[in-house]
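Residue numbers (the working numbering): 161 to 337. Virtual Cβ for every residue (Gly too), placed ideally from N, Cα, C.
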C-alpha cells in the first residue's frame with residue numbers, strides 16, 4: 161500500500177458538494193445530525209491497541225513502533241455509511257484521558273471533544289485517498305460501488321499538551337445529504 165499525502169485545507173480545491181463537510185470547523189457529528197434524513201448512529205468497528213500508520217505516528221510525534229489506542233467507527237444516516245472515522249490515541253494521552261474512551265461505547269467522539277472547553281483543535285489537513293492507499297479498503301467495507309477517490313480530513317485535538325489524531329473519510333453517501 162502506498163502512503164497518504166496530507167495537505168493544509170484549501171477550500172477552493174475541494175469538490176463543491178463536499179466543501180461544507182470537509183471544511184466544517186465545528187462538530188461534524190452535530191452537522192451530520194442536522195442534515196441527515198433518518199436516524200443518526202455510530203457503529204463501532206473496533207477499539208484496540210496497535211501500531212498506528214507511519215503518517216499517523218509522525219503527526220503525533222511518537223515512535224513508529226509505539227503502540228497506541230485506536231478506535232474505528234462508521235457514522236450512519238439510517239443504514240447508509242456516511243463517514244469512516246479513525247482515532248489514534250498515544251499511550252501518554254490515554255493515561256490522562258482514557259476514561260473518555262472507556263465510557264464512549266457507541267457515542268460519537270465529537271460529542272465529547274466539542275463539549276470540553278479545554279480541548280483545542282489543530283488546523284485541518286486533507287487528503288485524496290485512492291484504492292491503492294491505506295484506509296481505502298477499510299473505509300469502503302460497505303461494498304458500495306468503488307469510487308476512484310475518497311476525500312479525507314484529519315486534525316489533532318489537544319487535552320492540555322496531550323494530542324489525539326482524528327481521521328475522517330467522507331464516503332459516497334455523504335454527497336446525498
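- Distance check between residue 202 and each of 181, 233, 212, 177 places 233 closest, using alpha-carbon atoms only.
- Around residue 161, the same chain offers 292, 293, 294 as residues with beta carbons nearer than 7 Å, after the five sequence neighbours per side are excluded.
- Residue 249 is classed as buried because its beta carbon has at least 16 other beta carbons within 10 Å across all chains shown.
- Look at the segment 264-316 and you find these whole runs of alpha helix (DSSP H), each 4 residues long or longer: 269-273, 296-299.
- In the structure shown, residue 181 adopts helical secondary structure according to DSSP, grouped into three states.
- Taking a contact to require three or more Cβ pairs closer than 8 Å, the segment 187-195 and the segment 213-231 do not qualify as touching.
- Checking the DSSP bridge columns, you'll see residue 247 partnered with 231, 326.
- In the displayed model, residue 259 falls within a helix according to three-state DSSP.
- A straight-line Cα-Cα distance of about 33 Å links residue 175 and residue 228.
- If you check the CB distance, residue 178 and residue 330 come in under 8 Å.
- Residue pairing from DSSP leaves residue 212 without any beta-bridge partner.
- By the 16-neighbour rule on beta-carbons within 10 angstroms, residue 165 is exposed.
- In its chain, beyond the 5 residues on either side, 280 have a beta carbon closer than 6 Å to the beta carbon of residue 318.
- Per DSSP, the continuous alpha helix (DSSP H) segment holding residue 191 begins and ends at 188-195.
- Beta-bridge analysis with DSSP links residue 168 to 285.
- In this structure, the beta-carbon distance from residue 230 to residue 253 does not fall below 8 Å.
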